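Anchor point for the sequence shown: position 359 equals 371 in the numbering used here, and the numbering is continuous, going up by one each time.
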Amino acid sequence: MMEVNVERKTFYITTPIYYPSGKLHIGHSYTTVAADAMARYKRLQGYDVMFLTGTDEHGQKIQRVAAENGVTPKEYVDKIVDGIKKLWSLMKITNDKFIRTTDQEHVEAVQKIFKALYDKGDIYKSEYEGWYCTPCESFWTETQLVDGKCPDCGRAVEKTREESYFFRLSKYQDRLIRLFEENTEFIQPSSRRNEMLNNFLRPGLEDLCVSRTSFNWGVPVTFDEKHVVYVWIDALSNYITALGYLSDNDENFRKYWPADVHLVGKEIVRFHTIIWPAMLMALDLPLPKQVFGHGWLVLEGGKMSKSKGNVVDPVVLIEKYGLDAIRYFLLREVPFGADGVFSNEALINRINSDLANDLGNLVSRTTAMISKYFGGVIPGTRESGEFDQELISVLSSTKKRTEEYLDKLQFSAALTEIWKSVSRTNKYIDETMPWSLAKKEENKARLAGVLYNLAESIRIISILIQPFMPETPFKIWSQLAIAEEDRTWESAGQWGVYKQSAPVTPGEIIFPRIDLEKELEALAEMEKKQKVTQASSESAGREAKPAADKTGQPEGVALIGIEDFAKVELKVAKVLSCEKVEKSDKLLKLKLQCGNEERQVVSGIAQYYTPEEMVGKVLILVSNLKPAKLRGIESQGMILAASDKESGKLALVTVDGDIPTGSRVS
């Protein structure tokens, strides 16, 4: 018989590419887990899936942070990217490609894109003057600032004036408005669409700065190399460069583009629904089918932020509660388009109620009863009875309802549907009372029917949770001896498929209950220790930074104006006393005389100086640094030191000559 080669439908899904300025938190995991669940779902349906994630590694912020850490920008991002990849592996993220904007293929494609837009007249040279937020990598006009600060993150902005290339964004305003009005599905949820129309498009678009000269950590503009390509073209184009656009091998681009959906946080919807489509229009390329702007996962007090330090470490959560519990919580707790609050209490309550009480208990009770009453093998002679039809009706239709929600990226609603089936199956146990049926021999056929229905219900549930929970289904399949051919996605819509490949073997409890009160106390103590450790590490890093090269100028260090330097208050201070900090081999606690006041400073120099030799030294103190607690001890400033990376030596900055303490250094 001749084989027919049927080409599978494709599905292309992306996350934002993450900015590697520090450790990722649970908010980043939220987006990536959602994309992974969707990719898994589409693969189970038989689609040819391309799932892309990656890192946005250029920019002034990276250059500055790298310089502060005494390394090159590439060395700095390499280390963080390695950690990101390990996190995605730990979370069983099944991305098909991981793009870095430092990849040579991406760099070359970006240069070609920039040149093509320039040749077309959509990019032109001019001068930019305004306000710049380095953490957000955003330019703002005076009227856009809120109390003189960045309207997005609330941090200080810098006045900047420089020669730049601009993209004619305003040229595409009318086309974008028509796109929004004619294709109402392009942006989801619909509230994001209204926000873009009313807040940005209808008031009028300005042309966009797309190059910088004030830093050099970026993709060079080939025809004007004092310029580097700015984030809009560099980062946004990853969605096509990752597929080989403008390369010698563009098969994936021709196969998968346009994307089916870009998943992004709501704070970057504007970039993906205004700037990105305009760029694609200028390149005469098809637009993505949909951009979905999900809400924030917030802590009490506001959005999680690496710069604010209010992050939740997903690695710690996975180690404590298991991967599937964390993935389930992220996708079940909050509707994907809305903001949600993360708390340890909410997580533990969700684990106890949904996973331990509902699903875990259902599997444990069922496997235990099959083992106890029938030695692990359900007899073939089975009898139907009351309550069966309602159970069968609910379970047989769960797949269809789950798919309807997943196709709309409504993960929480999809899981709610599945858990209705879990609840209905648990109710079926209470209705049929297998323990009572087991007391009489004449009820054996009915008991077999009840236990088969339970096993079949669990089989369906185990298949449907696969996109969300990659580990739990295998545990269930092992305990219930579900054959591989009975685990297909299609079979989840069919009743009566279950057949044992071996005797049922009750295993470990899939989701043990957690003592809420004890666990919250333990978590509070752990978080307290983590903050102390982090502060200690940051202090040691601040005060013992290695030089990046022999010239004393790390690659890519940005020049600052005298007004920036003037913000730092340096004063002469004398060490009155010094002692080691308990349980630390790096920290010394110093008492300093600085004019008419005494200061306490904790410094990471214990590996270079003894407390005895510190007493009497005259040092330079950064006196207007915000106090910080290290190992529970308040540090009221920072002393200056120089270090050499190659030799590992460190020397304190001291004062030559007799000068009073408290004197300003300028």
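C-beta: ideal position from N, C-alpha, C; glycine also.
For clarity, every value in this text was computed on a predicted model and none was experimentally measured.
Starting from residue 140, trace the beta strand (DSSP E) in both directions and tell me its first and last residue.
The residue given as residue 140 occupies position 128 in the sequence shown. Note, residue 140: beta strand (DSSP E), 135-145.
Would you say the beta carbon of residue 276 is closer than 7 angstroms to some non-hydrogen atom of the ligand COA?
Within the structure as shown, the ligand COA is missing, as the structure has no ligands at all.
Is residue 43 helix, strand or coil by DSSP?
In the sequence shown, the residue the question calls residue 43 occupies position 31. The DSSP-derived three-state label of residue 43 is helix.
For residue 188, collect the residues of the same chain with a Cβ closer than 7 angstroms to its Cβ; drop the 5 residues on either side in sequence, then sort them by chain order.
Your numbering for residue 188 matches position 176 in the sequence shown. So the list reads 213, 286, 289, 290, once near-sequence residues are dropped.
Assumed close pair residue 306, residue 278 - CB separation to whole angstroms, cut-off 8 angstroms
As a working note, residue 306 is residue 294 in the sequence shown. As a working note, residue 278 is residue 266 in the sequence shown. So it is a contact: roughly 7 angstroms between Cβ atoms.
Could you tell me the distance, in whole angstroms, from the CA atom of residue 666 to the CA atom of residue 624?
Mapped onto the sequence shown, residue 666 falls at position 654. Mapped onto the sequence shown, residue 624 falls at position 612. Going by the C-alpha atoms only, they are around 17 angstroms apart.
Span of the alpha helix (DSSP H) around residue 244
The residue labelled residue 244 in the question sits at position 232 within the sequence shown. Unbroken alpha helix (DSSP H) run through residue 244: 243-248.
Just the C-alpha distance for residue 106 and residue 51, rounded to the nearest angstrom, thanks.
Counted from its first residue, the sequence shown places residue 106 at position 94. Counted from its first residue, the sequence shown places residue 51 at position 39. Going by the C-alpha atoms only, they are around 8 angstroms apart.
Return the CA-CA distance between residue 630 and residue 606, expressed in angstroms with no decimal places.
Your numbering for residue 630 matches position 618 in the sequence shown. Your numbering for residue 606 matches position 594 in the sequence shown. Each residue's Cα considered, the two are about 10 angstroms apart.
Taking the continuous beta strand (DSSP E) assigned at residue 151, which residues delimit it?
Here residue 151 refers to the residue found at position 139 when the sequence shown is read from its first residue. It spans 150-152 - the beta strand (DSSP E) in which residue 151 sits, taken as one unbroken run.
What is the DSSP secondary structure of residue 381, reduced to helix, strand or coil?
For this step, residue 381 is matched to residue 369 along the sequence shown. Taken through DSSP and simplified to helix, strand or coil, residue 381 comes out as helix.
Going by the CB atoms, is the gap between residue 118 and residue 210 shorter than 8 angstroms?
The sequence position of residue 210 within the sequence shown is 198, counting from 1. The sequence position of residue 118 within the sequence shown is 106, counting from 1. Contact flag unset, no.
Are three or more beta carbon pairs between the region 472-486 and the region 422-434 nearer than 8 angstroms?
Yes, since at least three Cβ pairs between the region 472-486 and the region 422-434 fall closer than 8 angstroms, the two stretches touch.
Residue 306 lies in the beta strand (DSSP E); which residues open and close that run?
Taking the sequence shown and counting its residues from 1, the one referred to as residue 306 is at position 294. DSSP places residue 306 inside the beta strand (DSSP E), whose first and last residues are 303-306.
Cα-Cα separation between residue 340 and residue 428, rounded to whole angstroms
Within the sequence shown, numbered from 1, the residue matching residue 340 stands at position 328. Within the sequence shown, numbered from 1, the residue matching residue 428 stands at position 416. The alpha-carbon atoms of residue 340 and residue 428 are separated by roughly 11 angstroms.
To which residues does DSSP link residue 539 through a beta bridge?
Within the sequence shown, residue 539 is the residue found at index 527, counting from 1. Beta-bridge pairing links residue 539 to no other residue.
For residue 230 and residue 129, what's the separation of their Cα atoms in angstroms?
Your numbering for residue 230 matches position 218 in the sequence shown. Your numbering for residue 129 matches position 117 in the sequence shown. Distance between residue 230 and residue 129, taken at the CA atoms: about 18 angstroms.
For residue 11, which residues does DSSP report across the bridge?
A query on residue 11 cannot be resolved here, the shown segment of the chain reaching from 13 to 678 and no further.
Taking contact to mean 3 or more Cβ pairs, one atom from each stretch, closer than 8 angstroms, check whether the region 144-160 and the region 62-76 are in contact.
Yes, since at least three Cβ pairs between the region 144-160 and the region 62-76 fall closer than 8 angstroms, the two stretches touch.
So, for residue 284: in the same chain, excluding its five sequence neighbours on each side, which residues have a beta-carbon less than 6 angstroms away from its beta-carbon?
Taking the sequence shown and counting its residues from 1, one reaches residue 284 at position 272. Hits under 6 angstroms: 274, 276, 303.
Excluding sequence positions up to five away, which residues of its chain have a Cβ less than 6 angstroms from the Cβ of residue 201?
Taking the sequence shown and counting its residues from 1, the one referred to as residue 201 is at position 189. For residue 201, where only same-chain residues beyond five positions count, the Cβ hits under 6 angstroms are 349.
Go ahead and pull the three-state DSSP assignment for residue 55.
Along the sequence shown, read from residue 1 onward, the residue named residue 55 stands at position 43. For residue 55, the three-state secondary structure derived from DSSP is helix.
Would residue 467 and residue 492 qualify as a contact pair, given that the criterion is a beta-carbon distance under 8 angstroms?
As a first step, residue 467 is located in the sequence shown; it is residue number 455 there, counting from the start. As a first step, residue 492 is located in the sequence shown; it is residue number 480 there, counting from the start. Cβ atoms of residue 467 and residue 492: closer than 8 angstroms.
Cβ-based neighbour list, residue 199, same chain, cut-off 6 angstroms, excluding 5 preceding and 5 following:
Locating residue 199 in the sequence shown gives position 187, counting from the first residue. Cβ within range, chain order: 205, 285, 303.
Please confirm whether residue 471 and residue 494 have their CB atoms less than 8 angstroms apart.
The residue you call residue 471 lines up with position 459 of the sequence shown. The residue you call residue 494 lines up with position 482 of the sequence shown. Remark: C-beta atoms of residue 471 and residue 494 approach each other more closely than 8 angstroms.
Taking one C-beta from the region 405-420 and one from the region 444-458 each time, how about it: are there three or more such pairs within less than 8 angstroms?
As far as the Cβ criterion goes, the region 405-420 does not touch the region 444-458, which means the pair count is below three.
Three-state class that DSSP yields for residue 319 in the structure shown
The residue given as residue 319 occupies position 307 in the sequence shown. Unreliable positioning characterises residue 319 in this predicted model, as indicated by a pLDDT of 42, which lies under 50. The coordinate reading is nonetheless provided below. Residue 319 falls in the coil class under three-state DSSP.
Sequence-distant residues of the same chain with beta carbon closer than 6 angstroms to residue 347, five excluded per side:
Position 335 of the sequence shown, counted from the start, is the residue given in the question as residue 347. Closer than 6 angstroms at the Cβ level, and outside the excluded window around residue 347, lie 424.
Going by DSSP, what residues sit across from residue 333 in a beta bridge?
On the sequence shown, residue 333 is found 321 positions in, with the first residue counted as 1. Its beta-bridge partners do not exist; DSSP assigns none.
Could you spell out where the beta strand (DSSP E) holding residue 74 opens and where it closes?
Counting from 1 along the sequence shown, the entry for residue 74 is found at position 62. No beta strand (DSSP E) contains residue 74, which is instead part of the alpha helix (DSSP H) from 72-80.
If the criterion is Cβ atoms closer than 8 angstroms, does the pair residue 122 and residue 32 meet it?
Residue numbering aside, residue 122 sits at position 110 when the sequence shown is read from its first letter. Residue numbering aside, residue 32 sits at position 20 when the sequence shown is read from its first letter. No, the pair does not count as a contact, with Cβ atoms beyond the cut-off.
Taking the alpha carbon of residue 256 as the point to measure from, which residue in 438, 125, 78 has its own alpha carbon closest?
As a first step, residue 256 must be located in the sequence shown, where it is residue number 244. Comparing C-alpha distances from residue 256 to each of 438, 125, 78 shows the shortest one belongs to 125.
Helix, strand or coil for residue 347, going by three-state DSSP, please let me know.
Locating residue 347 in the sequence shown gives position 335, where the first residue counts as 1. Judged by DSSP in its simplified three-state form, residue 347 adopts coil rather than helix or strand.
Hey, would you say residue 507 sits closer than 8 angstroms to residue 407, going by beta carbons?
Reading the sequence shown from its first residue, position 495 is the one you call residue 507. Reading the sequence shown from its first residue, position 395 is the one you call residue 407. Going by C-beta atoms, residue 507 is nearer than 8 angstroms to residue 407.
Distance between beta carbons of residue 112 and residue 66, contact taken as under 8 angstroms:
Translated into the one-based positions of the sequence shown, residue 66 becomes position 54. Translated into the one-based positions of the sequence shown, residue 112 becomes position 100. Indeed, because the Cβ distance is near 6 angstroms, the residues count as touching under 8 angstroms.
Grab the span of the beta strand (DSSP E) containing residue 9 for me, first residue to last.
The first residue shown for the chain is 13 and the last is 678, placing residue 9 beyond what the model contains.
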